[in-house]
C-alpha cells in the first residue's frame, strides 16, 4: 500500500507538497523579518541611546519604529530568499553550505547576547545600588528586627494564621464536587463519543483554561469588591482557582487511565454509568485524593499571599504591620507563616506517601 | 449457525486496511481458532464481532440477526450475550476477584443497584459458582492485582461466564502467560466449550495449542483468510504461507 503511493504520486500529493514548501518560505521570511526587526530595535534603543548617546530617558516615536520596520521587511525577505538566514535553517530550507551554517550560528549568538544586554538594561540591574552602604544599613535594620520577633502579638497572629488555614481548607473542600463533575466533562477519552459531548468538552476546557490563567491574587481583588474585604473574599478567590486547577488535574488522571478495563466492562453489555463506576472510578480515586490534599497545601500558601490584597487571614495582618514599618511584628508573622507552611508541606507529603 | 460474517472490511485510515473482505461462518459448539502473524487482523476481526471496533463495511449476523449497525440498548443486549477475554486480562486492579467476576453481570443489573454494589443473591451465587468453575473459589476476596497472571486470566474467564455467553471471544488469551499456565488456562476454555456447549473463537500463536484445542482453524494474513480447515492438516508448506518463509515452529507443552 505504502509503496504504491511512493511509486506514482498523485497530483494532489504533489500540490500539497508544493504548497507546504511555499508556506515554509512565507513562515521563514516572517520569522526573519521579526528577527531583524527585534535586533534593530534592541540595538537602537539600548545600545545606541543608552551606551553611545547615554540618555537616561529614551525617547519614543512611532516614526522611528516604522522606519525600522520597513528596513526589516526588506532585509528579512532578502535574507530568506538568499536561503542563508537563521529561520531558513530552522525551517529546513537553507542552502547546504558553510555560509548558511556560519550565518545562522553567528546570528543566533548575536541574538542571545543583545537579548541579555537588553534584559540587563530593562530590569535596571545595578551593582552599585546593591552594594551601597545606605541600602545595606536599611536591610540590616529590618533583618535584625525580624530576627528579634515581637511575641506580644503572638495570640493575634496565631488566630490570623488559623483563619488562613481554614480559608484554604474550605476552598479545597467546597471545590471537590464541582471539580469532580467538571473533570468528567473535560476528559477527552470520555467525551469524544459524539459531536455534542465533544463541543461541551471543548467549551469547558477553554473556560477553565481562562479561569486558571487568572491568578488567585486577581480573583481576590475582584471578590473583595464583590463580597467585601475579608476571609470570605479570599476563600472564594481560592475556590474559583482551585476548581479550575483541580478539574484539570483530575481530568488528566482520567485521561491517563488504562483503557483495557474500560473495554472489558463495556464488552459485558454494561451501560455508560456502570462503565464509569466500575472501570474509571477505581482507577482515579487515589490520584484524586492525592491531588486534593496537595491542593490544600498549595492553598495555605496562596491564602497567605491573597491576604495581602484583602483576602483576610495572616496576609492581611502582615500587610498592616509592614505598612506601619513595625519590623519586629513582621518578623513574628513571617516566622509563623514559615512554620505553618513547613508543617502543611510535611503532613501532605506524608499522607500522599501513605496513599500510594 | 451462531455467527455469519459477510465481506467484512475494516479500514483504520489511509494505508491501514486491517480486514479485506473476510467471510466466515461459525456453527454452534465450535472451538474456532484464528492464527496469523501479529498485525494480520486477528484482534480486529474479534473486536468487530462484539463491536468494540466498528466495521467499515460488510455484515455480521449473530444468531440470525444483523448486528452490524445496531446501537444503544440493542447493542448492549447483544454484547451481554458475547463474552470476551483479553490478552492483558483487563481486570479492575483494586477490586477483589469476586467483584471483578460480578461486573460480568452488569448487563442484567440496574445502574442504581450496581453503583451501590447491590447484587441479587442468585447473581452472587452464580459468581461464586463461576469462580469455582475456574478453580478460584478460595481467591474470591483477593484483590485482582495480587493475583498471578494465570489466576487473573481465570478470573477474567469467570467474569465472561457471568454473561451466560452464547459465544466466547478470546483475543490471544495466553500470550502473556508462561507455557505451563497457558495450557491450564486453555483447559478452562475447553471445559466451557465441551461442558456448557459455548462456542469459542480464540486467537492463538502456538500451533501446538492450536492442534490440541481447536476443532477448526482459520489463518489470517494481511487481513484475508488464507487457510481454513482442521488443525491437523496444517503442514510445513501451509505453515510457511501463513507465517512467511523464515518462520519456524516453536513447541509448547
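Chains as they are written, first to last, in our numbering: chain A, 6 to 361; chain B, 10 to 262. Backbone N, C-alpha and C define an ideal beta-carbon position, used for all residues, glycine too.
- Excluding the 5 residues flanking it on each side, residue 339 of chain A has same chain C-beta neighbours closer than 7 Å at 151, in chain order.
- Unbroken alpha helix (DSSP H) runs of no fewer than 4 residues, entirely contained in the stretch 24–112 of chain B, are found at 51–58, 81–90 and 106–111, following chain order.
- Its chain contains 301 as the residues whose beta carbon lies nearer than 7 Å to that of residue 174 of chain A, once the 5 sequence neighbours on both sides are disregarded; these appear in chain order.
- Residue 212 of chain B carries a strand assignment under DSSP once its states are collapsed to helix, strand and coil.
- According to DSSP, residue 22 of chain B shares a beta bridge with B:25.
- Secondary structure at residue 313 of chain A: coil, using DSSP grouped into helix, strand and coil.
- The Cβ atoms of residue 266 of chain A and residue 166 of chain B do not sit closer than 8 Å to each other.
- If only complete runs of 3 or more residues are kept, the stretch 174–254 of chain B shows the beta strand (DSSP E) at 176–179, 208–212, 225–230 and 233–238, in order along the chain.
- Residue 334 of chain A counts as buried, since no fewer than 16 other beta carbons sit within 10 angstroms of its beta carbon.
- Identification of residues in the stretch 26–48 of chain B having a C-beta nearer than 9 Å to some C-beta of chain A yields 26, given in sequence order.
- In the DSSP annotation of this structure, the continuous segment of the alpha helix (DSSP H) that includes residue 134 of chain A starts and ends at 132–135.
- When the five nearest sequence neighbours on each side are left out, the beta carbons in the same chain lying within less than 7 Å of the beta carbon of residue 158 of chain A are those of 334 and 337, in order along the chain.
- When DSSP states are grouped into helix, strand and coil, residue 127 of chain B belongs to the coil group.
- In the DSSP assignment, residue 76 of chain A falls within the alpha helix (DSSP H) that extends over 67–86.
- Boundaries of the alpha helix (DSSP H) harbouring residue 158 of chain B: 158–170, taken from the DSSP string.
- Taken through DSSP and simplified to helix, strand or coil, residue 96 of chain A comes out as coil.
- Residue 154 of chain A: not part of any alpha helix (DSSP H); DSSP gives it neither H nor E.
- Within the stretch 49–81 of chain B, the residues whose Cβ lies closer than 8 Å to any Cβ of chain A are, in chain order, 59 and 61.
- Taking the beta carbon of residue 25 of chain A as reference, no residue of chain B falls within 9 Å; the closest one sits roughly 17 Å away.
- Among the residues facing chain A, residue 212 of chain B is not included, as its CB has no counterpart in that chain under 8 Å away.
- Residue state for residue 17 of chain B is assigned as strand, using DSSP reduced to three classes.
- Residue contact check for residue 334 of chain A against chain B: no CB pair falls below 8 Å.
- For residue 55 of chain A, the three-state secondary structure derived from DSSP is helix.
- Within its own chain, the residues whose Cβ lies closer than 7 Å to the Cβ of residue 148 of chain B, once the five positions on either side in sequence are excluded, are 106, 156 and 160, listed in chain order.
- Listed in chain order, the positions of the stretch 265–286 of chain A with a beta carbon within less than 8 Å of a beta carbon of chain B are 265, 266, 268, 269, 270, 271, 272, 273, 274, 275, 276, 278, 279, 282, 283 and 284.
- If the five residues before and after residue 163 of chain B are omitted, its C-beta is found closer than 6 Å to the C-beta atoms of 143 and 145, all from its own chain and listed in chain order.
- Between residue 166 of chain A and residue 297 of chain A, the beta carbon gap of about 22 Å keeps them out of contact (Cβ cut-off 8 Å).
- In the DSSP assignment, residue 105 of chain A falls within the alpha helix (DSSP H) that extends over 103–127.
- Looking at the DSSP output, residue 12 of chain B shares a beta bridge with B:35 and B:71.
- Using a Cβ distance threshold of 8 Å, residue 111 of chain B and residue 124 of chain B do not count as a contacting pair.
- Minimum Cα-Cα distance from residue 225 of chain A among the listed residues A:311, A:322, A:177 and A:291 corresponds to A:311.
- In the three-state DSSP reduction, residue 152 of chain B falls in the strand class (E or B).
- Taking a C-beta distance under 8 Å as the contact criterion, residue 164 of chain A and residue 91 of chain A do not qualify as a contact pair.
- In this structure residue 169 of chain A touches residue 319 of chain A by the C-beta definition: roughly 5 Å separates them, less than 8 Å.
- Close CB contacts of residue 55 of chain A within its chain, under the 8 Å cut and outside five residues either way in sequence, are with 63 and 126 (chain order).
- Chain A places a beta carbon closer than 8 Å to that of residue 95 of chain B, counting this residue as a contact.
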